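For this note's numbering, count along the sequence shown from 1 and bump the result up by 222.
For every residue, glycine included, the Cβ atom is placed at its ideal position computed from N, Cα and C.
Since this is a predicted model, take the numbers as computed values, not measurements.
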Amino acid sequence: MSFIEDLSPQARNVPESSIVAVVNHARLRQDVIPLWVGEGDLPTPGFICDAAVKSLRDGETFYTWQRGIPHLRQALADYYQRHFGGTHDPETFFVTGSGMQAIKLTIEALCAAGDEVVYLSPAWPNISAALDIAGVRSVPVTFDYADRGWTFDPARLAAAIGPKTRALFINTPSNPTGWTASTEELRTILDLARKAGTWIIADEIYARYYYAGHRAPSFLDIMEADDRILFVNTFSKNWSMTGWRAGWIKAPAELGQTFENLIQYSTSGVPQFIQRGAAAALNDGDDYVEEQKLRAARARDVLCDALMATNRVRLLKPDGAFYCFFAIDGLEDTGSAVYRIVDNADVGLSPGIGFGPGGEAFLRACFLRRLDHVEEAANRLARFVSSL
């Protein structure tokens with residue numbers, strides 16, 4: 223028996239990330255414009271790094287609060303009050319080692335093997351993979367795509383909810399589609415969850431990257447105190463901190479000991495110096511997020527306009543997040559197309575086939591980059607499309 227054959231079925235069957243695969247294919251090539259992963263091109267700003275360095279120099283290198291240091295949890299409460307209104311108890315925030323860990327811990331908290339979680343697809347592939355690893359069945363409900371963009375069918379979502387459904391995973395603004403739920407759509411989803419007695423895992427990571435207002439509509443705008451909603455989030459996107467691996471969960475305070483236990487038995491907490499940097503991001507980083515949002519809006523227009531001008535591409539400018547999710551006429555196999563594009567056009571993209579049902583014919587480009595790079599990437603892609 224081989225080593226692989228002697229692994230658990232969950233581990234043995236974990237799929238390779240189609241995004242990471244193409245990155246590994248061309249990671250070291252200097253001429254490639256990398257629009258493949260979900261991050262901007264700026265390093266973490268100095269005021270965040272300075273806070274982390276000071277913490278290190280002050281000797282904050284020991285075990286720390288499992289739920290997160292009080293200073294950071296208060297900063298999270300203050301941040302939500304500024305941007306979402308209302309008052310927020312620091313006891314409802316739990317610091318995690320990334321948004322990905324936040325997702326995994328909410329799955330562990332809610333689901334047992336054999337349960338189901340319903341999500342809207344196309345979706346970030348890590349969601350369904352995390353469910354599969356936990357022995358939880360992922361149930362995709364596909365968006366519709368038409369002239370008015372990506373939409374979801376409430377009846378289709380309702381039909382997917384069954385006796386084993388433990389949660390609806392709702393990512394808005396969406397990675398990769400940019401779909402952003404209206405307040406009325408959120409009410410519809412919340413009503414479905416209430417009637418079925420299921421939880422909602424609300425992934426509102428891109429809430430600040432909303433191009434029609436200060437932030438996207440949120441379940442926080444409409445929920446009642448007894449609604450079963452867990453919010454997952456990360457410091458990665460807003461404050462250029464993808465490499466820091468820090469995130470958070472917002473949950474009812476009575477779940478505090480449960481989440482503390484889950485954190486204890488996975489990572490035993492987030493390093494304190496990282497938490498100090500995260501607190502600085504929240505307390506002093508509002509202007510930085512607004513600047514990033516303006517950069518993204520300009521880059522979105524440049525990339526989308528150039529692609530639409532070819533008359534060979536299907537896309538609409540996204541309402542939120544920082545991805546252009548587009549399909550090229552006559553190009554269906556995006557799994558192989560991304561390698562052709564990176565090899566022939568020197569632009570790194572992610573294949574839509576990796577984002578699940580409904581995304582197979584599409585390609586994802588992250589446009590949160592300096593404008594001259596986006597312009598050059600747009601020109602290279604336009605030439606590639608015209609050559610087909």
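Exercise. Go ahead and label residue 309 buried or exposed: buried means 16 or more other beta carbons lie within 10 angstroms of its beta carbon, across all protein chains shown.
Key: Here residue 309 refers to the residue found at position 87 when the sequence shown is read from its first residue. Exposed.
Quiz item: Does the distance from the CB of residue 384 to the CB of residue 357 come in under 9 Å?
Solution: Numbered from its first residue, the sequence shown carries residue 384 at position 162. Numbered from its first residue, the sequence shown carries residue 357 at position 135. For residue 384 and residue 357, no; Cβs fall outside 9 Å.
Quiz item: Quick one: Cα of residue 289 to Cα of residue 355, how far?
Solution: Here residue 289 is taken as the residue at index 67 of the sequence shown, counted from 1. Here residue 355 is taken as the residue at index 133 of the sequence shown, counted from 1. For residue 289 and residue 355, the distance between alpha carbons rounds to 24 Å.
Quiz item: What are the complete beta strand (DSSP E) segments, minimum 3 residues, inside the region 504-568?
Solution: 545-550
Exercise. Check residue 259 in the structure and name its three-state DSSP category.
Key: Along the sequence shown, read from residue 1 onward, the residue named residue 259 stands at position 37. Note: residue 259 maps to coil in three-state DSSP.
Exercise. Give me the Cβ distance between residue 564 and residue 573, rounded to the nearest whole Å; I'm assuming they're in contact under 8 Å.
Key: Position 342 of the sequence shown, counting from 1, holds the residue named residue 564. Position 351 of the sequence shown, counting from 1, holds the residue named residue 573. About 11 Å; that fails the 8 Å criterion.
Quiz prompt | Simplified DSSP assignment, three categories, for residue 346 | solution = As a working mapping, residue 346 is identified with position 124 in the sequence shown. In this structure, residue 346 counts as coil in the three-state DSSP scheme.
Exercise. Answer yes or no: do residue 398 and residue 237 have a C-beta to C-beta separation smaller than 9 Å?
Key: Taking the sequence shown and counting its residues from 1, one reaches residue 398 at position 176. Taking the sequence shown and counting its residues from 1, one reaches residue 237 at position 15. No.
Exercise. May I have the straight-line CA-CA distance separating residue 287 from residue 417, to the nearest angstrom?
Key: For this step, residue 287 is matched to residue 65 along the sequence shown. For this step, residue 417 is matched to residue 195 along the sequence shown. Near 37 Å, if we compare the C-alpha coordinates of residue 417 and residue 287.
Quiz item: Count the other CB atoms within 10 Å of the CB of residue 481; is the residue buried (16 or more) or exposed (fewer)?
Solution: One-based indexing of the sequence shown puts residue 481 at position 259. So residue 481 ends up on the buried side.
Self-check item: contact_flag[the region 571-587, the region 420-429] where n(CB pairs < 8 Å) is 3 or more
Solution: no
Quiz prompt | CB contact flag (residue 274, residue 340, <9 Å) | solution = By 1-based counting over the sequence shown, the position of residue 274 is 52. By 1-based counting over the sequence shown, the position of residue 340 is 118. Taking 9 Å as the Cβ cut-off, residue 274 and residue 340 do not qualify as a contacting pair.
Practice problem: Let me know if residue 350 comes out buried or exposed under the rule of 16 or more other beta-carbons within 10 Å of its beta-carbon. | Solution: Reading the sequence shown from its first residue, position 128 is the one you call residue 350. Buried, since its Cβ has 16 or more Cβ neighbours within 10 Å.
Exercise. Taking 9 Å as the cut-off, decide whether the C-beta atoms of residue 537 and residue 549 are in contact.
Key: Here residue 537 corresponds to residue number 315 of the sequence shown, with the count starting at 1. Here residue 549 corresponds to residue number 327 of the sequence shown, with the count starting at 1. It is a contact, given that the beta carbons lie within the stated cut-off.
Self-check item: DSSP state of residue 421 mapped onto helix, strand, coil
Solution: Here residue 421 refers to the residue found at position 199 when the sequence shown is read from its first residue. Residue state, collapsed to three classes: strand.
Quiz item: Between the beta-carbon of residue 475 and the beta-carbon of residue 328, is there less than 9 Å?
Solution: Counting from one through the sequence shown, the residue named residue 475 turns up at place 253. Counting from one through the sequence shown, the residue named residue 328 turns up at place 106. No, the Cβ-Cβ distance between residue 475 and residue 328 is not below 9 Å.
Quiz item: Taking buried to mean at least 16 other C-beta atoms within 10 Å of its own C-beta, is residue 500 buried or exposed?
Solution: Stepping through the sequence shown from its first residue, residue 500 is reached at position 278. With 16 or more Cβ atoms within 10 Å of its Cβ, residue 500 is classed as buried.
Quiz prompt | At least three beta-carbon pairs within less than 8 Å, the region 517-534 to the region 385-394 | solution = no
Quiz item: When you compare only the Cα positions, how much space is there between residue 319 and residue 457?
Solution: Numbered from 1 along the sequence shown, position 97 holds the residue referred to as residue 319. Numbered from 1 along the sequence shown, position 235 holds the residue referred to as residue 457. Computed Cα separation, rounded: 10 Å.
Quiz item: What is the DSSP secondary structure of residue 227, counted as helix, strand or coil?
Solution: Within the sequence shown, numbered from 1, the residue matching residue 227 stands at position 5. Note: residue 227 maps to helix in three-state DSSP.
Quiz prompt | For residue 478, the nearest candidate out of 331, 277, 282, 322 (CA to CA) | solution = Walking along the sequence shown from the start, residue 478 turns up at place 256. When only C-alpha atoms are compared, the closest one is 331.
Practice problem: On a CA-only basis, which of 513, 546, 436 is nearest residue 527? Give me that one, please. | Solution: By 1-based counting over the sequence shown, the position of residue 527 is 305. Comparing Cα-Cα distances from residue 527 to each of 513, 546, 436, the minimum goes to 546.
Quiz prompt | Segment limits, beta strand (DSSP E) that includes residue 362 | solution = As a position in the sequence shown, residue 362 is number 140, starting the count at 1. 359-364 is the span of the beta strand (DSSP E), which, as asked, contains residue 362.
Quiz item: What residues match up with residue 469 in a beta bridge as DSSP calls it?
Solution: As a first step, residue 469 must be located in the sequence shown, where it is residue number 247. DSSP, once it has assigned bridges, lists 318, 456 as partnering residue 469.
Practice problem: Taking 9 Å as the cut-off, decide whether the C-beta atoms of residue 469 and residue 317 are in contact. | Solution: In the sequence shown, the residue the question calls residue 469 occupies position 247. In the sequence shown, the residue the question calls residue 317 occupies position 95. It is a contact, given that the beta carbons lie within the stated cut-off.
Quiz item: Among 254, 293, 386, 277, which has the Cα closest to the Cα of residue 562?
Solution: As a working mapping, residue 562 is identified with position 340 in the sequence shown. Checked all of 254, 293, 386, 277; the closest Cα to residue 562 is 254.
Quiz prompt | First and last residue of the uninterrupted beta strand (DSSP E) at residue 588 | solution = Your numbering for residue 588 matches position 366 in the sequence shown. Taken as a continuous stretch (DSSP letters only), the beta strand (DSSP E) holding residue 588 covers 584-588.
Practice problem: Tell me whether the beta-carbon of residue 466 lies closer than 9 Å to the beta-carbon of residue 267. | Solution: As a first step, residue 466 is located in the sequence shown; it is residue number 244 there, counting from the start. As a first step, residue 267 is located in the sequence shown; it is residue number 45 there, counting from the start. No. Outside cutoff.
Quiz item: Since residue 542 contacts residue 455 with CB under 8 Å, what's their CB separation in whole angstroms?
Solution: Here the question's residue 542 lines up with position 320 in the sequence shown. Here the question's residue 455 lines up with position 233 in the sequence shown. No, residue 542 and residue 455 are not in contact; Cβ-Cβ is about 15 Å, not under 8 Å.
Quiz prompt | Short Cβ contact (9 Å threshold) for residue 502 with residue 590 | solution = For the purposes of this step, residue 502 is identified with residue 280 of the sequence shown, where counting begins at 1. For the purposes of this step, residue 590 is identified with residue 368 of the sequence shown, where counting begins at 1. Against a cut-off of 9 Å, the Cβ pair of residue 590 and residue 502 comes out as no contact.
Quiz item: With DSSP run on the structure shown, which of helix, strand or coil describes residue 578?
Solution: If you number the sequence shown from 1, residue 578 lands on position 356. Residue 578: coil per DSSP, three-state reduction.
Practice problem: Determine the direct distance from the alpha carbon of residue 459 to that of residue 612, and round the result to whole angstroms. | Solution: Outside the displayed span of the chain (223 to 610) sits residue 612, for which this structure offers no information.
Quiz item: Does the region 437-453 come within contact of the region 402-413, defined as at least 3 CB pairs closer than 8 Å?
Solution: yes
Exercise. Give the single residue among 261, 307, 445 whose Cα lies nearest to the Cα of residue 587.
Key: Sequence index remark: in the sequence shown, residue 587 carries index 365 (1-based). If we check each option's Cα against that of residue 587, 261 comes out closest.
Practice problem: Just confirm the distance between the C-beta atoms of residue 365 and residue 344, as a whole number of angstroms; I'd bet it's less than 8 Å. | Solution: The residue you call residue 365 lines up with position 143 of the sequence shown. The residue you call residue 344 lines up with position 122 of the sequence shown. 7 Å between Cβ atoms; contact.
Quiz item: Between which two residues does the beta strand (DSSP E) carrying residue 391 extend?
Solution: Taking the first residue of the sequence shown as 1, we reach residue 391 at position 169. 387-393 is the span of the beta strand (DSSP E), which, as asked, contains residue 391.
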